[in-house]
Amino acid sequence: MEPGSTGFMLIATSLVMLMTPGLAFFYGG
Numbered sequence: 011m012e013p014g015s016t017g018f019m020l021i022a023t024s025l026v027m028l029m030t031p032g033l034a035f036f037y038g039g
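For the sequence shown, the working numbering gives the first residue as 11, with consecutive numbering after it.
What follows is the structure in structure tokens.
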């Protein structure tokens, strides 16, 4: 894998990790 795709995967994973609790909080009230 080239460095660009690795960085993208890290960014995507971090966004998912941040968005999951946010969505749970949003839908949970």
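Backbone N, C-alpha and C define an ideal beta-carbon position, used for all residues, glycine too.
Listed in chain order, the non-local C-beta contacts of A22 below 8 Å within the same chain number zero, local neighbours out to five positions each way being set aside. Assigned with DSSP and collapsed to three states, G38 falls in helix. Just so you know, the alpha carbons of F36 and T30 end up roughly 10 Å apart.
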